[in-house]
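Engineer: In order, the protein sequences belong to chains A and B. The numbering of the first sequence is the numbering used here, which starts it at 12 and goes up by one. The numbering of the second sequence is the numbering used here, which starts it at 836 and goes up by one.
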Amino acid sequence: MKPQFVSKKIKSISFAVLSPKVVKDMSAAKVVTPELYDREGYPVDGGLMDTRLGVIDPGLVCKTDGLKLKDTLGHFGYIELARPVVHIKFIRQILDLLKSSCRSCGKLLIPEENTAKYRNLLNKMGEEEGFESRRRQIKIIVDKYKKKDKCPHCGGKQEKIKLDKPYNFYENDTRLSPIEVRARLEKIPDEELGLFGFALGFRPEWMVLTILGIPPVTMRPSITLESGERSEDDLTHKLGDIVRINQRLFENINAGAPEVIIEDLWDLLQYHVTTFFDNEVPQLPPARHRGGQVLKTLVNRISSKEGRIRHNLAGKRTDFSARTVISPDPLIALNEVGVPQAMAMSLTVPERINEWNIEYLRKYVERGSKVYPGANYIIKPDGRRKTVTEETKEEILEELAPGYVVERHLIDGDVALFNRQPSLHRMSMMCHHVKVLPGRTFRLNPAVCNPYNADFDGDEMNLHIPQTEEARAEAQVLMLVETQMISPRYGLSVVGCIHDGITGNYLLTKELVLTRLEAVDLLYACGVDDLSRLPNKDKIDGKEVFSVLLPEDFNFSGKDKSGNDVKITNGKLKTGLMDKANLGQESGLMLRNIYERYGAAYAAEFLGKVSKLGINVLSRRGFSIGIGDMDLTNETEDEIKSVLERAELEAEKIIEHFNQGKLEPLPGRSLQETMELRILEALNRARNKSGDLAMRQKFDSAALVMAKSGARGNALNIAQMAAVVGQQALRGRRIDHGYSGRTLPYFKVGDVSPKARGFVRNNFKSGLTPYEFFFGAMTGRDALMDTALRTPKSGYLYRRLSNAMQDLKVDYNGMVRDASNRVVQFAYGEDGLDVSRTKNGQVDVHRIIEQVIGGKE
Amino acid sequence: MKAENAKLVDTYENKLPFSVLEEIKNSVPDSASKENIKTILEETFALYLQAKINPGECVGLVSAESIGEPGTQMTLNTFHFAGVAEMNVTTGLPRIIEIFDCQKTIKTPMMEVYLKDPKIENVKALALKIKETKFSEFVTSYSLNIFEQNLKVTLSRELLDDHGLDVKDMIKALKLKAKGFTMESDDGSLTFIHKGKPEDIKDLYNLKEKLKAVKISGLKGIRQVLPVKRGEEYIVLTSGTNLKEVLEMDEVDATRTICNDMNEVYQVLGLEAARQTVINEVYKVIESQGLNIDIRHIMLVADIMCASGVLRGITRYGVVKEKASVLARASFETPIRHLINAALEGEVDALTSVVENVMINQPVPLGTGLPGLITKLK
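1) So Gln-836(A) is in the alpha helix (DSSP H); what residue range does that whole segment cover?
2) Can you look up Arg-451(A) in the DSSP assignment and give me helix, strand or coil?
3) What are the start and end residues of the alpha helix (DSSP H) that includes Met-27(A)?
4) How long is the line joining the alpha carbons of His-915(B) and Ile-1121(B), rounded to whole angstroms?
5) Can you check whether the C-beta of Ser-1188(B) is within less than 8 Å of a C-beta belonging to chain A?
6) Check Ser-439(A) in the structure and name its three-state DSSP category.
7) For Thr-479(A), which option in Ile-313(A), Asp-425(A), Asn-566(A) has the closest C-alpha, if you only look at C-alpha atoms?
8) Which value, in whole angstroms, describes the spacing of the CA atoms of Glu-362(A) and Tyr-371(A)?
9) For the stretch 1138-1153 of chain B, which residues have a CB atom closer than 7 Å to at least one CB atom of chain A, in sequence order?
10) Can you name the residues of chain B whose CB is closer than 7 Å to the CB of His-857(A)?
11) Which class does Thr-580(A) belong to by DSSP, given the choice of helix, strand or coil?
12) Beta-carbon separation of Ser-115(A) and Ile-199(A) under 8 Å?
13) At which residues does the beta strand (DSSP E) containing Leu-92(A) begin and terminate?
14) Given 8 Å as the limit, is there contact between the stretch 207-222 of chain A and the stretch 62-73 of chain A, that is, 3 or more CB pairs closer than that?
15) So is Thr-907(B) in contact with chain A if we call contact Cβ pairs under 8 Å?
16) Who are the near neighbours of Leu-727(A) in its chain, counting only those whose CB is closer than 6 Å to its CB and skipping five residues on each side?
17) Indicate the three-state DSSP secondary structure (helix, strand or coil) for Asn-257(A) in the structure shown.
18) In chain order, what residues of the same chain lie with their CB nearer than 8 Å to the CB of Leu-542(A), ignoring the 5 residues before and after it?
19) In terms of alpha-carbon separation, which member of Leu-851(B), Glu-892(B), Met-945(B) lies closest to Asp-1096(B)?
20) Select from Arg-698(A), Pro-433(A), Ala-722(A) the residue whose C-alpha is nearest the C-alpha of Val-735(A).
21) Beta carbon of Asn-547(A), beta carbon of Gly-569(A): below 8 Å?
22) Identify whether Ala-815(A) lies in helix, strand or coil by the three-state DSSP scheme.
23) With 16 as the cutoff for other CB atoms within 10 Å, does Arg-145(A) come out buried or exposed?
24) Give me the Cα-Cα distance between Tyr-375(A) and Pro-449(A), rounded to the nearest whole angstrom.
25) Which first and last residues belong to the beta strand (DSSP E) in which Met-945(B) is found?
26) Cutting at 8 Å between CB atoms, please list the residues of its own chain near Asn-851(A), excluding the five before and the five after it.
27) If we call anything under 8 Å between Cβ atoms a contact, is Val-1189(B) one with Gln-817(A)?
28) Alpha carbon to alpha carbon, how far is Leu-994(B) from Lys-1045(B)? Give it in angstroms, no decimals.
29) What did DSSP end up calling Gln-738(A) once you bin it into helix, strand or coil?
30) Should Arg-632(A) be flagged as near chain E, meaning a C-beta pair shorter than 8 Å?
31) Can you find at least 3 beta carbon pairs, one from the stretch 95-110 of chain A and one from the stretch 185-203 of chain A, that sit closer than 8 Å?
32) I believe Ile-24(A) touches Asp-1184(B) by the beta-carbon criterion, under 8 Å. Please report the beta-carbon distance rounded to the nearest angstrom.
33) Do you know how far the Cα of Leu-64(A) is from the Cα of Ile-105(A)?
34) Closer than 8 Å, Cβ to any Cβ of chain A: which residues of the stretch 1108-1120 of chain B, in chain order?
35) Mind pulling the chain B residues with CB within less than 7 Å of Phe-209(A)?
36) Quick check: Val-219(A) and Leu-204(A), are their CB atoms within less than 8 Å of each other?
Put into structure tokens, the structure is as follows:
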């Protein structure tokens, strides 16, 4: 690793149009022949692959800078065009200039007295309102004067100039050749160009090319095919065409060929130069390969997602990264990631040798690259790197001295960045500590699945190993999992107990009573070794076991999922159950308070212990689910049956009323719509009611426990499995598509009864009838399409938002400013609060009041 | 809360934001002593300082992420029934896109018109008054007589009475459109006869089509009205908007009446009102989708849309076009155009924002990349 000092920094980048003189000056060679290689396969001098333009073959040396392949950056060349051609990308500006300048004296058609006025106006606008308003003003001025038919300076009459797309100019009906166009542009005086917004020193005649710059060879490398044949880059092909036509045009002009032939060749040259810049000009047939494949020329290379800017410049690739499938491991800490040993042996961390760590680092080198934990490379102080192999090991060990860098294998505790795509928010890339484990997958604590939006159905994730101290420090301080726990989106915890972690704690605090032995065993399994806080009794209540994990001076009052009070005083859970409302992700109010009071590291550790407690409770108590979990008690089943019957009766009544014309329309709705809505409402009410009934039944099955604690599933899921699947709705209405007058041929025409319009009366346990299944498939397909259509739309919205807002930052005085230092907000969010440091967007005044007032009493 | 305590709270006016002070005033019990209040204020201030945003924080990106990330969770359903009695509303992702794009015509323009005196009769009367009613709605039948070259239109008596109009009012309203025709009215019907020589039957046909679209009463653009109960009082919901004319009506409570078209609000009430409309409308969608996004993020988006002094959408023609950096603009959309213009104008990219620095591998001037260190050399 070379010491990295910043010796040069780019301060700004200027954009300008190249003048013919500049093109010539920066060129290393003039290209005169379309031939590329001679018979030996050596680049021809004066050809497009001239070695003065850089080299792409191993063994050759660039004649301009004397460097070899990969070292030379390449150099520009130029072609002298036999006749000038217009630059297709400047065609609008050329047209505007031609229209608004005098054909005889060359001055702009703006009266003398107004020029100064406009110039001041533009300068003022540019200063006060930015370049964009200035640009708009220029357009207004230009549009105003380009239609004048008399020159205010010399009184010359103006003719109408038209652009025949893509690049031919006509004055009335005579064509203006590029030479004439160039001559006119030359006449426009320098001082007046400012009014067009052109840069100082820019000459409009440069927009008509007399000399064409040639990009370096390194920018258009050729590929050698297996057959030994050379396949040239698209740009080289295009340039070859240009050189060839240019050559012929020269010859014809010199030979004094008839004007028609010269015109034709000139046109062809114009076509080739145009497609060299842009091969997607609307009015032109694109230039193609022999096979008919469209050539990719300059514009194609730059634009679009696969273009230079978005693909190569804004998108970076990196070494020291890895990717594999993820799998869960509830026993590693929240901020750890399990890395397969095979990976740990090829990902490395550079460590610089000094007097104090030389012995420690020698050990790694001694073990070599094949034994874990070893070292793969060493880097000498002069920057050369050496591979550690069995053969080189001895030699390396001898020369190892302070100043050397050892690239050792990844070991436990190293810093790594862990990421899952799509990286939609900053929690999609967090810093974890490495834990090297056997196996071939990354292991992560299931509690961090939520911020990554990961599951274990085959998801893959990426791992990056920071290589410098600065990067590691930043990762550890800013990106560590626990520092990211509170979402900047809404100010609540994004990690929390999930699944069994919640179920276990719910059961523990709800109903379990343990013997002292069991309690000690349980707590010890969760990593608690201080058992002094466990009450000295034979029978210990679940709440008391849970309380051991709480900090001793912790006070909390809140609600659990079902709305009952939860009270913790002095680290003792007095009343209430531990369920999703306090432990879960995206709610976790108790977790949020612990985070605020005891800090990020404590909160992460606490979460880990609570999770383990829940899991261990379940593994001791036993917890499983089966089809029997969907059995309802007889009373509940009867109740649900009667609810459904009543709902169906109600629907029938509504239909009857409608048929008799007795139905009262809702405001703003037709009778038909009213009927539909009322039926839908009645049936949905019935389903919700049956869900509630199923949830409320006396007997607690495993599925119900999960739904009640918030671990997984909800009342609706239970209802659909145990009671009734319910009304299938498409776009907020009952199903009414299909055949004319009916949904399926099974039904009678005009049948609007619940079952003919997508009401699924069965439940998943009892099984569905064929038509019910079909209705379910209809809504399923609809949901699938919705997701498929939504993803790209929301992706584009996100891209636009992040592009528009990426450079907003908070100033040192709390203002929000953009990249050009324009104030966007005087105080961020009107109160200067960081959402991730608030509780759901609020400063927690209530807690303070309670503390102060409560403390007095 | 006691007055003296309130005064004490007010001494923190410059230290704590208004919303926090209000919260304290509302939740401190009357029994609290002066010392209590003092400690509460001190501790709140300490907590507030702790919770303040760090300088250099890239709040823009955080907001963009906060809105973009849950975008995938929003439903695409363009129309849904917001309750039983209301009209169709665009919600979900399409509405969010519509607002951020700042589209000139939105899919479902709506107004909520509040009345100064929200009695049910008044509300109904207003609803009838503002609804744009076209001539065609009064017509029961048209008959085109080819032999006599006239057009006979029969009107509905009941509807005319409902609106308190008679045939004469109709003639008045139609006069302008029916140039070149004479109108004869008899009981409940109108007959149009060509003034000049009877020529083309097409003229009569065109006349018929023209007449259909003539506005007889109401405000332009208000297609549908619906009196509904909102909380304790009745209001008028309209589909289609005409904010300017509605606000000018005497019986309308202009302070509460709202319109969901941000461009119209911008035209009528100005930029600040438009900003608030953007915030309210986006927040409404987010709430209806059951998502949790802090209001500050939406505020920031609304603020950047308004930062140039005009309401602009977050598109390549709007906010992005205003950026100072050439490369930042080029990296978004239509890169070639930006590069060409930059070359002609001789623009200089000062590399002050994010993408340019990413492109050239230099630290980004945000967060930890913002401060520089100066070392004193001995």
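Using N, Cα and C, we set each Cβ at its ideal position, and we do this for glycine too.
Structural biologist: Straight from the coordinates:
1) Looking at the DSSP string, Gln-836(A) is not in any alpha helix (DSSP H); the run it does join, the beta strand (DSSP E), is 834-836.
2) Three-state result, Arg-451(A): coil.
3) Looking at the sequence shown, residue 27(A) is not Met but Ala. For Ala-27(A), there is no enclosing alpha helix (DSSP H), since its DSSP letter is neither H nor E.
4) Its pLDDT being 47, under 50, His-915(B) is placed unreliably in this model, and the coordinates cannot settle the point.
5) It does: the Cβ of Ser-1188(B) has a partner Cβ on chain A nearer than 8 Å.
6) Correct three-state label for Ser-439(A): helix.
7) The residue among Ile-313(A), Asp-425(A), Asn-566(A) with its C-alpha nearest the C-alpha of Thr-479(A) is Asp-425(A).
8) When rounded, the distance between both Cα atoms is 11 Å.
9) Those would be Asp-1138, Ile-1139, Ala-1142, Ile-1149, Thr-1150, in chain order.
10) Listed by position along chain B, the residues whose Cβ is nearer than 7 Å to that of His-857(A) are Ser-862.
11) Here Thr-580(A) carries a strand assignment [DSSP, helix/strand/coil].
12) The Cβ atoms of Ser-115(A) and Ile-199(A) do not sit closer than 8 Å to each other.
13) Per DSSP, the unbroken beta strand (DSSP E) holding Leu-92(A) starts and ends at 87-97.
14) Counting Cβ pairs under 8 Å, fewer than three are found: no touch.
15) At least one chain A Cβ lies under 8 Å of Thr-907(B).
16) Closer than 6 Å at Cβ, skipping near neighbours: Gly-702.
17) The answer is helix: DSSP assigns Asn-257(A) an H, G or I state.
18) For Leu-542(A), where only same-chain residues beyond five positions count, the Cβ hits under 8 Å are Val-531, Leu-534, Tyr-535, Val-559.
19) Of Leu-851(B), Glu-892(B), Met-945(B), the residue nearest in Cα terms is Met-945(B).
20) Measuring from the Cα of Val-735(A), the nearest candidate turns out to be Arg-698(A).
21) Taking 8 Å as the Cβ cut-off, Asn-547(A) and Gly-569(A) do not qualify as a contacting pair.
22) Helix.
23) Buried is the call here.
24) So the alpha carbons of these two residues sit roughly 20 Å apart.
25) Its beta strand (DSSP E) spans residues 945-948.
26) Hits under 8 Å: Tyr-501, Gly-502, Leu-503.
27) Yes, the pair counts as a contact, with Cβ atoms nearer than the cut-off.
28) Each residue's alpha carbon lies about 21 Å from the other.
29) Looking at Gln-738(A) - three-state DSSP - the assignment turns out to be strand.
30) Of the protein chains in the structure, A and B, none is chain E.
31) Contact holds: three or more Cβ-Cβ distances are below 8 Å.
32) The beta-carbon distance between Ile-24(A) and Asp-1184(B), rounded to whole angstroms, is 4 Å. This is short enough to meet the 8 Å contact definition.
33) Straight-line Cα distance between these residues: approximately 31 Å.
34) Listed by position along the chain: nothing, the set is empty.
35) Within chain B, the residues near Phe-209(A) are Leu-1179, Glu-1180.
36) Not in contact: Val-219(A) and Leu-204(A) (Cβ atoms no closer than 8 Å).
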